[in-house]
Each structure stands twice: as C-alpha cells, then as structure tokens.
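> Counting from 1, one number per residue, gives the positions in the sequence shown under the working numbering.
Backbone N, C-alpha and C define an ideal beta-carbon position, used for all residues, glycine too.
Since we're looking at a predicted model, the values are computed, not measured.
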Amino acid sequence: YLEKPMTVLANNKEAVIIRYFQLADTPQLSVYLNSLSAATRQRFAPHGFDEASIIRLYEHPSAHIGFVACTQAHELIGYAVLQIGHQPHEAERFTSYGVQTDALTDCSFAPSVADKWQSSGIGSAMMPFIINEMKKFGMKRMFLWGGVQATNEKAIHFYRKYQFQQIGMFEYNGANLDMIRMLI
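1. Should L76 and L23 be called a contact, given that it needs their Cβ atoms to be closer than 8 Å?
2. DSSP three-state label for A150, please.
3. Measure from the alpha carbon of F109 to the alpha carbon of each residue in G146, L36 and E171, then state which is nearest.
4. What are the residues that DSSP puts in a beta bridge with T71?
5. Going by C-alpha to C-alpha distance, which of A175, M142 and I167 sits closest to E153?
6. In the DSSP assignment, what residue or residues form a beta bridge with D106?
7. Determine the extent of the beta strand (DSSP E) in which T26 is found, giving its start and end residues.
8. Which whole-angstrom value is the C-beta distance of R141 and I167, which I expect to be below 8 Å?
9. For Q72, is the classification buried or exposed, using 16 other Cβ atoms within 10 angstroms of its Cβ as the cut-off for buried?
10. Just to check my reading of the structure: M126 and A69 have Cβ atoms closer than 8 Å, yes? What is that Cβ distance to the nearest angstrom?
11. How about A150 and P111: do their beta carbons lie closer than 8 Å?
12. Nearest CA to the CA of G66: which residue from A38, F49, R19 and S53?
13. Using 8 Å for Cβ pairs, my map puts A15 next to T26. What's the rounded Cβ distance?
14. At what residues does the alpha helix (DSSP H) containing F129 begin and finish?
15. With distances taken from CA atoms, which of Y159, A155, L183 and G121 is nearest K13?
16. Cβ of L36 within 8 Å of Cβ of D106?
17. Nearest-angstrom Cα distance between A52 and H86?
18. Between which residues of its own chain and N11 is the CB-CB distance below 7 Å, once the five residues before and five after are set aside?
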C-alpha cells in the first residue's frame, strides 16, 4: 500500500521528492522543525520538535503516518503528519458542531513547509500524494489537526483550494477554524 516516492518540480524548477516519513529521518526532521520561524512553529504543534517526541509518535505506525518533501540534496523542506482518528478534545469539538466522528475512517492532518519554501508549490505537490494515500488506507474524511488560525488567510485559501470546508470555529490563542475534507 505504500506509494513509491514522487518527484515534482517546485516553482523554482528544483526537483523535490515527496515520500513517506521513515524513522531514519528523525534527526533531520528535528532539525527541520527547530529551524522553522517562530510564526510557523506557532502554527504547527501536533507533537514536540525533539527526536524523542518524534520517535514516540511513530513507534506505533498504525496510529500516525508521516510524509516528507526533500530536495535532491536530501534537505527536508516539507512535512505532514496524519493521525488515524482524532485527539479526544477535538472529537468532542467536532461532535459539538453536529459532526459525528469515526475513529476508523477519519484522520487528522497537520502540514508544514519550511519558511523559505513557502509559496513554492511544495504544499500543492504534497496534497494530492497524501490524499491519494489516505484513500488507500480507507480514510473517508480528513480534518485539520488543531484547526487553522482565522487570521492565516493564506493557509485558509490553500485548504479551500483542496476542498476543505469550515465546520466550526473555536478559541485557542485567538480564533481558529475547524475544517474538513471528504475523501470519498
């Protein structure tokens, strides 16, 4: 079921490889996460940025799936983590909107792109790959993990481009939107 790596061209014409995260990527992922700007780090927080936190997350591969985007020189420039199901507090919030969750066919999605690579087509290259893979896993819906900050218009536009729809709003360090994408 694991898709072979996909090579795409970024907007700057540099070849980028999109593939599954592997535990051997842990040191490089930790460096990547810790090199994100303060603003980007604030928007991406599904797990700790240290190697031990990353290893704990991926110890049980049936619960979390990671994806990376790398240059030909093996620089990690994009990362997304998916959780099968939801965090309990998020499932409660979704239920409060009238959305019944399914721990077997829902997934929670948290993407990031290195600051200097944002707006270069990396996120747009990763999304079809990730959506296709989640369909293979039998996922029917993809929720934004932790929502998206209501002030992050660029991200909201990106998610809408990929057919995410707002299902609710919540307050956590400001207003945030919960969004969902159907995969069937």
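In short:
1. The criterion of a C-beta distance shorter than 8 Å is not satisfied by L76 and L23.
2. The answer is coil: DSSP assigns A150 none of H, G, I, E or B.
3. In terms of Cα proximity to F109, the closest of G146, L36 and E171 is G146.
4. BP columns for T71 point to V16.
5. Looking at the Cα atoms, A175 is the closest of the given residues.
6. Per DSSP, R141.
7. Segment T26 to S35 is the alpha helix (DSSP H) holding T26; no beta strand (DSSP E) there.
8. Between R141 and I167, the beta carbon gap of about 10 Å keeps them out of contact (Cβ cut-off 8 Å).
9. Around the C-beta of Q72, fewer than 16 other C-beta atoms lie within 10 Å, and the residue is accordingly described as exposed.
10. Contact between M126 and A69 holds: CB atoms are separated by about 6 Å, below the 8 Å threshold.
11. Contact flag unset, no.
12. Comparing Cα-Cα distances from G66 to each of A38, F49, R19 and S53, the minimum goes to R19.
13. Going by Cβ atoms, the distance from A15 to T26 rounds to 24 Å, so no, they are not a contact pair.
14. According to the DSSP assignment, F129 belongs to the alpha helix (DSSP H) that extends over I122 to K136.
15. Comparing Cα positions, the closest option is G121.
16. Not a contact, by the Cβ cut-off of 8 Å.
17. When rounded, the distance between both Cα atoms is 22 Å.
18. Counting only Cβ-Cβ distances below 7 Å, and skipping sequence neighbours, we find S120 and G121.
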